[in-house]
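Numbering (my numbering), first residue to last: 46 to 163.
Glycine included, every Cβ here is placed at the ideal spot set by N, Cα and C.
Just so it is clear, the structure is predicted and the values come from calculations on it, not from any experiment.
Single-structure report; data block below.
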């Protein structure tokens, strides 16, 4: 029986990603850039970029570096894919930023109004 927390597809994707990272000898920034470049080439949806938001942040990837990546691959993947990717990246990172802000607000509320168990 499955519960609301079972996520076999996401679990499989996470396991594949971890296996790939363990077998790859690239530094974190290069790995994230390579994966984002592949997403652009595939015309991936925003949710795919969202999955890479945390690793990109942890690798200290800047907006300028993402822009440079798009400029670098534009002649290979084409302008339509780059424009689509720019929109999807903005959407994904906007969602990631909103989630972080929401988590921060929830933590602040919890700290301001702690629940005491007697």
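(Q) Could you tell me the alpha carbon to alpha carbon distance between residue 63 and residue 69, rounded to whole angstroms? (A) Taking the first residue of the chain shown as position 1, residue 63 is located at position 18. Taking the first residue of the chain shown as position 1, residue 69 is located at position 24. Approximately 10 Å, taken between the alpha carbons.
Q. Secondary structure at residue 163, three-state DSSP: helix, strand or coil?
A. The count along the chain shown starts at 1 and reaches residue 163 at position 118. Only weak support is given to the placement of residue 163: the predicted model assigns it a pLDDT of 47, under 50, and the question is left unresolved by the model.
Q | For residue 100, the three-state DSSP class (helix, strand or coil) | A | By 1-based counting over the chain shown, the position of residue 100 is 55. Correct three-state label for residue 100: helix.
**Q.** Best match in 131, 54 and 102 for proximity to residue 76 [C-alpha to C-alpha]
**A.** For the purposes of this step, residue 76 is taken as the residue at position 31 of the chain shown. When each option's Cα is compared against that of residue 76, the closest is 102.
Q. With distances taken between CB atoms, is the gap from residue 85 to residue 118 smaller than 8 Å?
A. Residue numbering aside, residue 85 sits at position 40 when the chain shown is read from its first letter. Residue numbering aside, residue 118 sits at position 73 when the chain shown is read from its first letter. Yes, the Cβ-Cβ distance between residue 85 and residue 118 is below 8 Å.
Q | residue 98 beta carbon less than 8 Å from that of residue 133 | A | Here residue 133 corresponds to residue number 88 of the chain shown, with the count starting at 1. Here residue 98 corresponds to residue number 53 of the chain shown, with the count starting at 1. Contact: no.
Q: Following the continuous alpha helix (DSSP H) through residue 113, name the residue where it begins and the one where it ends.
A: In the chain shown, counting from the first residue as 1, residue 113 sits at position 68. Where residue 113 is concerned, the enclosing alpha helix (DSSP H) stretches over 108–122.
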